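With the numbering used here, the residue at position 147 of the sequence shown is 366, and numbering never jumps. Every residue, glycine too, gets a C-beta built ideally from N, C-alpha and C. A quick note: this is a predicted structure, and the numbers were derived from the prediction, not measured.
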Amino acid sequence: MKSARGERVAVFPGSFDPFTNGHLDIVERSLEIFDRVIVAVAYNATKDSALFSPKERTDMIREATRSARVVADSFSGLLVDYVEGSGAQAIVRGLRAVADFEYEFQMAMMNRHLRPRIETIFIMASEAHFYTSSRLVKEVASLGGDVTGLIPSSVRRRLSRKLTEKRER
Ligand code: PNS
């Protein structure tokens, strides 16, 4: 399971709207297994309801990860096509609560159906991040709750700026 250059490369895909400390934990754990990890922001070119643009999301990932072995990128279209084009051999997904499992299982099986050679690897999030999700972070922050420790500080600054902009619109 190595690339043409003899490297183990994984794609960690997601919406990352925004990137959380739970995502960062999965990136760090992935680096123990893979030589290079591509954190890939999935966006819908025609209808994307995300709070942050794909560029803002990749910028946040770059600011938070800062490792020569981590690449931040974005893609629209099928994940398996992106994985194949990037020369990676595996998809990494983080698993938190049991509730994640069914959705993740369906996606992994569909991706296997589409490209049997691409393996999906699940990594357990640390207990500290078991209940962190981008959706809840946005909800709590928009209602004035404290999200310190749940997201990188650079993301916290961008999120508070974004929510202020939204409120003033
Ligand atoms: O962080 P998310 O929103 O749970 O990530 C879901 C994501 C982006 C991994 C998934 O929606 C995806 O792979 N989208 C790309 C389009 C695609 O390939 N869809 C079929 C997946 S089986």
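Residue environment, residue i, which counts as buried when at least 16 other CB atoms sit within 10 Å
i    : result
A291 : buried
T229 : Reading off the sequence, residue 229 comes out as Ala, not Thr. By the neighbour-count rule (16 or more Cβ atoms within 10 Å), A229 is buried.
Q308 : buried
G363 : exposed
T284 : buried
T472 : Residue 472 is absent from the model: the chain starts at 220 and stops at 388.
V311 : buried
Integer-rounded CB distance, given that residue j should sit under 8 Å from residue i
i    : j    : result
T199 : G241 : Any property of residue 199 remains undetermined from this structure, which presents the chain solely from 220 to 388.
V246 : V289 : 6 Å
G306 : S222 : 5 Å
S373 : E251 : About 24 Å separates the two Cβ atoms, so there is no contact after all.
Option in the options with minimal Cα separation from residue i
i    : options                : result
S234 : R386, R331, I280, F253 : I280
A344 : T239, E275, E384, L378 : T239
For residue i, the residue or residues it bridges with in DSSP
i    : result
A223 : BP columns for A223 are empty, so no partner.
Any alpha helix (DSSP H) of 4 or more consecutive residues that is wholly inside the segment 238–269:
240–249
Where in the segment 279–348 do unbroken runs of the beta strand (DSSP E), each at least 3 residues long, occur, reported from the N-terminal end onward?
289–294, 309–314, 338–343
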